[in-house]
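Step one of this worksheet: look at the structure below.
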Amino acid sequence: MAPDPWFSTYDSACQIAQEIAEKIQQRNQYERRGEKTSKLTVTIRALLQNLKEKITLLKDLLLRAVSTHQMYPRKHFQLYSRMGGKAILF
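Okay, so the sequence shown: first residue is 613 according to our numbering, each after it adds one.
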């Protein structure tokens with residue numbers, strides 16, 4: 613079975629978000645010491661753009677999965693409907 617592209621994209625987005633947080637913290641330390649932060653700011657902006665693209669891709673993948681019933685197979689919907697709309701956990 614092929615790996616789900618949503619999970620690998622999600623992991624990548626999480627890594628980028630972590631890197632952004634670290635760079636912001638580093639930039640704040642530079643500012644406190646009076647050092648130049650322009651390179652870090654450019655890096656942060658590039659990472660933010662990359663994160664935005666990953667989030668857009670995640671939305672698209674999620675919408676595609678829902679629209680093609682990859683996320684919730686039809687049989688689960690039918691079971692849910694037959695039980696009067698009550699959720700059954702199994």
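All C-beta atoms in this analysis are idealised placements derived from N, C-alpha and C, irrespective of residue type, glycine included.
Quantities reported herein were computed from a predicted structural model and do not represent experimental measurements.
Next on the checklist: Since Leu670 and Ile632 should fall inside the 8 Å C-beta cutoff, what is the C-beta to C-beta distance between them, to a whole number of angstroms?
Outcome noted: With 8 Å as the limit, Leu670 and Ile632 do not qualify as a contact, their Cβ atoms being about 16 Å apart.
Checklist entry - Tell me which same chain residues have a C-beta within less than 8 Å of the C-beta of Leu663, skipping the five on either side of it? => result Ala625, Ile628, Ala629, Ile632
Checklist entry - Apart from the five residues just before and just after Lys705, which ones in its own chain have a Cβ nearer than 8 Å to its Cβ? => result There is no way to answer for residue 705, as the model of the chain reaches only from 613 to 702.
Item to check | Contact set for Pro617: own chain, Cβ-Cβ below 8 Å, skip 5 residues either direction | outcome: Leu673
Item to check | Local conformation of Thr680 per DSSP, three classes | outcome: Three-state result, Thr680: coil.
Checklist entry - Which residues bound the alpha helix (DSSP H) around Lys635? => result 617-644
Item to check | Nearest-angstrom Cα separation, counted from Arg676 out to Arg657 | outcome: 29 Å
Checklist entry - Helix, strand or coil for Glu647 per DSSP? => result coil
Next on the checklist: Taking a contact to mean a Cβ-Cβ separation below 7 Å, would you say Arg644 touches Leu652 in this structure?
Outcome noted: no
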